[in-house]
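Asks:
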Ligand code: ADP
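Residue numbers (this note's numbering): 37 to 462.
1) Going by alpha carbons, who is nearest to residue 90 out of 107, 112 and 105?
2) Comparing C-alpha positions only, which one of 93, 63 and 105 sits nearest to residue 80?
3) One question on the structure: do residue 434 and residue 350 come within less than 9 Å of each other, judged by their Cβ atoms?
4) Where in the region 194-241 do unbroken runs of the beta strand (DSSP E), each at least 3 residues long, occur, reported from the N-terminal end onward?
5) If you measure between the beta carbons of residue 454 and residue 339, is that distance less than 9 Å?
6) Which residue's Cα is closest to the Cα of residue 153: 176, 122, 132 and 140?
7) Give me the Cβ distance between residue 345 and residue 310, rounded to the nearest whole Å; I'm assuming they're in contact under 8 Å.
8) Let me know the beta strand (DSSP E) ranges lying completely inside the region 415-447, each 3 residues or longer, listed in chain order.
9) Report the three-state DSSP secondary structure of residue 101 (helix, strand or coil).
10) In chain order, what residues of the same chain lie with their CB nearer than 8 Å to the CB of residue 408, ignoring the 5 residues before and after it?
11) So residue 337 is in the beta strand (DSSP E); what residue range does that whole segment cover?
12) Whose C-alpha, out of 143, 183 and 182, is nearest the C-alpha of residue 166?
13) Taking contact to mean 3 or more Cβ pairs, one atom from each stretch, closer than 8 Å, check whether the region 264-276 and the region 192-206 are in contact.
14) Provide the residue span of the beta strand (DSSP E) that contains residue 343, from first to last.
15) Rounded C-beta distance between residue 320 and residue 352? I'm assuming under 8 Å.
16) Determine whether the beta carbon atoms of residue 431 and residue 387 lie at a separation below 9 Å.
17) Fully enclosed by the region 268-332, which beta strand (DSSP E) runs are 3 residues long or longer?
18) Alpha carbon to alpha carbon, how far is residue 330 from residue 225?
19) Along the alpha helix (DSSP H) that carries residue 46, what are the first and last residues, could you check?
20) Which one of 275, 296 and 68 has the shortest CA to CA distance from residue 466?
21) How many whole angstroms separate the CB atoms of residue 460 and residue 343, which I take to be in contact at a CB cut-off of 8 Å?
22) Any idea if residue 221 is buried or exposed, counting beta-carbon neighbours within 10 angstroms, 16 or more meaning buried?
23) Count the other C-beta atoms from every protein chain shown that fall within 10 angstroms of the C-beta of residue 513, then say buried if there are 16 or more, exposed otherwise.
24) Give me the Cβ distance between residue 211 and residue 184, rounded to the nearest whole Å; I'm assuming they're in contact under 8 Å.
25) Kindly examine the ligand ADP and report whether one of its heavy atoms sits closer than 8 Å to the Cβ of residue 445.
26) Less than 8 Å between the CB of residue 292 and some heavy atom of the ligand ADP, yes or no?
27) Could you say which of 99, 41 and 391 lies nearest to residue 411 if we only look at CA atoms?
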């Protein structure tokens with residue numbers, strides 16, 4: 037504002053003095069014309085000088101000038117200087133980021149919208165066998181595992197995928213993709229060879245121990261049953277002891293069976309075929325009605341005739357566990373509803389009871405192995421704590437999910453959601 041003020045005063049003074057001298061000399065108009073032309077030429081020269089300086093990048097010190105032009109030069113010079121400082125800071129930050137990502141033990145690759153590699157860190161070059169020269173190459177041309185290509189194309193990156201390492205197929209990598217920015221994705225890969233090994237050792241151990249326990253338990257149960265048959269009822273202590281020992285042996289047998297089933301679900305892939313779900317459910321409900329207390333009523337509603345491509349034994353275990361729980365954890369005279377229907381693009385099995393319900397804090401934990409809710413019940417409810425873990429694993433093998441909604445004292449609804457792609461016709 038100050039510079040404009042000065043410039044204006046300077047022009048006013050110039051025009052007033054020229055008008056005065058021109059007026060005295062009787063040449064007012066020509067002298068004003070000469071002054072205006074001179075000022076225009078001077079401004080033109082300034083503009084030219086400015087254009088020359090700015091087109092050269094506005095580098096270095098600006099040309100010596102005065103008045104409003106000096107202010108203009110100074111402002112631009114200051115903006116440029118700040119920009120330079122900011123750029124330097126940004127470059128330093130990028131360099132620090134590059135150094136830290138280079139030092140990361142996990143592989144990191146930035147992918148462009150069409151799967152081209154934008155950038156990869158050192159670990160990515162070592163773990164995934166990528167080269168510095170692979171920038172711009174499409175990653176599916178370099179990592180060709182079908183499961184990786186399927187994962188990349190799916191666009192659903194909520195879960196990671198496990199792959200053999202392209203460099204050494206004895207190593208396992210956990211690959212995860214994270215979308216960010218406009219169409220960019222970050223691919224992260226972590227070596228999980230050791231973890232996988234530990235998991236295999238654990239599974240083998242549980243499977244072996246369970247298997248080894250089976251025979252002694254059968255022998256024990258056999259002898260206990262014989263001894264119970266021989267019991268003449270003279271000693272009440274002996275009678276209750278036999279009953280208790282048999283009960284505990286049966287409990288252990290259930291536990292061993294459930295553990296073996298879980299291990300099988302985790303490790304072995306059985307041949308899948310088209311399963312008539314309405315028929316399977318009718319059978320399970322019939323068995324449930326006869327097995328459980330007669331006063332109970334299972335209400336089966338078959339809204340969909342859909343069959344599912346899967347493994348019958350696994351689905352039977354999952355559905356039986358859900359129905360068994362609904363019957364176990366609800367009053368003996370309450371209704372248990374089983375529904376098979378299509379909701380949108382999913383096929384859903386719902387098992388709903390009006391029993392004790394599950395507290396919100398426990399819902400997320402009930403599918404964990406051996407997790408049992410400590411509820412105050414009139415009668416002790418037998419169980420291994422493995423039923424829902426079996427359901428979860430069996431469903432996972434069918435690309436299905438278990439949803440639980442429950443309210444304490446009101447009841448629970450366990451629903452199995454199968455994707456429509458699992459429908460089949462037999
Ligand atoms: P369990 O052998 O104990 O039934 P599960 O894994 O089947 O083992 O279930 C885990 C826990 O979840 C159970 O101990 C019970 O507390 C709770 N639960 C399962 N189903 C129901 C249900 N329908 N209603 C209330 N609680 C349930």
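Note that beta-carbon positions come from the ideal geometry of N, C-alpha and C, so glycine has one too. Keep in mind that this is a model prediction, so the values were computed, not measured.
Replies: Quick answer:
1) Reading the chain shown from its first residue, position 54 is the one you call residue 90. Of the listed residues, the one whose Cα sits closest to residue 90 is 112.
2) As a first step, residue 80 is located in the chain shown; it is residue number 44 there, counting from the start. That would be 105, whose Cα lies nearest to the Cα of residue 80.
3) Locating residue 434 in the chain shown gives position 398, counting from the first residue. Locating residue 350 in the chain shown gives position 314, counting from the first residue. Yes.
4) 197-200, 208-216 and 220-227
5) Within the chain shown, numbered from 1, the residue matching residue 454 stands at position 418. Within the chain shown, numbered from 1, the residue matching residue 339 stands at position 303. No, the pair does not count as a contact, with Cβ atoms beyond the cut-off.
6) One-based indexing of the chain shown puts residue 153 at position 117. Among 176, 122, 132 and 140, the Cα nearest to that of residue 153 belongs to 176.
7) Here residue 345 refers to the residue found at position 309 of the chain shown. Here residue 310 refers to the residue found at position 274 of the chain shown. That belief holds up - the Cβ atoms of residue 345 and residue 310 are roughly 6 Å apart, short of 8 Å.
8) 437-443
9) Residue 101 sits at position 65 when you count from the first residue of the chain shown. Three-state result, residue 101: coil.
10) Locating residue 408 in the chain shown gives position 372, counting from the first residue. Hits under 8 Å: 419 and 421.
11) Here the question's residue 337 lines up with position 301 in the chain shown. It spans 333-338 - the beta strand (DSSP E) in which residue 337 sits, taken as one unbroken run.
12) Your numbering for residue 166 matches position 130 in the chain shown. The shortest C-alpha separation from residue 166 is found at 143.
13) no
14) Here residue 343 refers to the residue found at position 307 of the chain shown. First-last of the beta strand (DSSP E) with residue 343: 343-346.
15) In the chain shown, counting from the first residue as 1, residue 320 sits at position 284. In the chain shown, counting from the first residue as 1, residue 352 sits at position 316. Between residue 352 and residue 320 the Cβ distance is about 7 Å, and since that is below 8 Å, they are a contact.
16) What you label residue 431 is simply residue 395 of the chain shown in a count that begins at 1. What you label residue 387 is simply residue 351 of the chain shown in a count that begins at 1. Result no, Cβ atoms of residue 431 and residue 387 do not sit closer than 9 Å.
17) 309-311
18) As a working mapping, residue 330 is identified with position 294 in the chain shown. As a working mapping, residue 225 is identified with position 189 in the chain shown. Note that residue 330 scores a pLDDT of 47, beneath 50, so its modelled location is shaky; the value from the coordinates is reported in the next line. If I take the Cα positions, the gap works out to 55 Å.
19) For the purposes of this step, residue 46 is taken as the residue at position 10 of the chain shown. Per DSSP, residue 46 belongs to the alpha helix (DSSP H) from 38-61.
20) Nothing can be reported for residue 466: it is not among the residues displayed for the chain, which extend from 37 to 462.
21) As a first step, residue 460 is located in the chain shown; it is residue number 424 there, counting from the start. As a first step, residue 343 is located in the chain shown; it is residue number 307 there, counting from the start. Rounded, the Cβ-Cβ distance is 5 Å, consistent with contact.
22) As a position in the chain shown, residue 221 is number 185, starting the count at 1. With 16 or more other Cβ atoms within 10 Å, it is buried.
23) The structure shown does not extend to residue 513, since the chain is modelled only from 37 to 462, so the question has no answer here.
24) Here residue 211 is taken as the residue at index 175 of the chain shown, counted from 1. Here residue 184 is taken as the residue at index 148 of the chain shown, counted from 1. So it is a contact: roughly 7 Å between Cβ atoms.
25) Stepping through the chain shown from its first residue, residue 445 is reached at position 409. Because no heavy atom of the ligand ADP lies under 8 Å away, the Cβ of residue 445 does not count as near it: no.
26) Along the chain shown, one-based indexing puts residue 292 at 256. No, the ligand ADP has no heavy atom inside 8 Å of this Cβ.
27) Position 375 of the chain shown holds residue 411. It is 391 whose Cα lies nearest to the Cα of residue 411.
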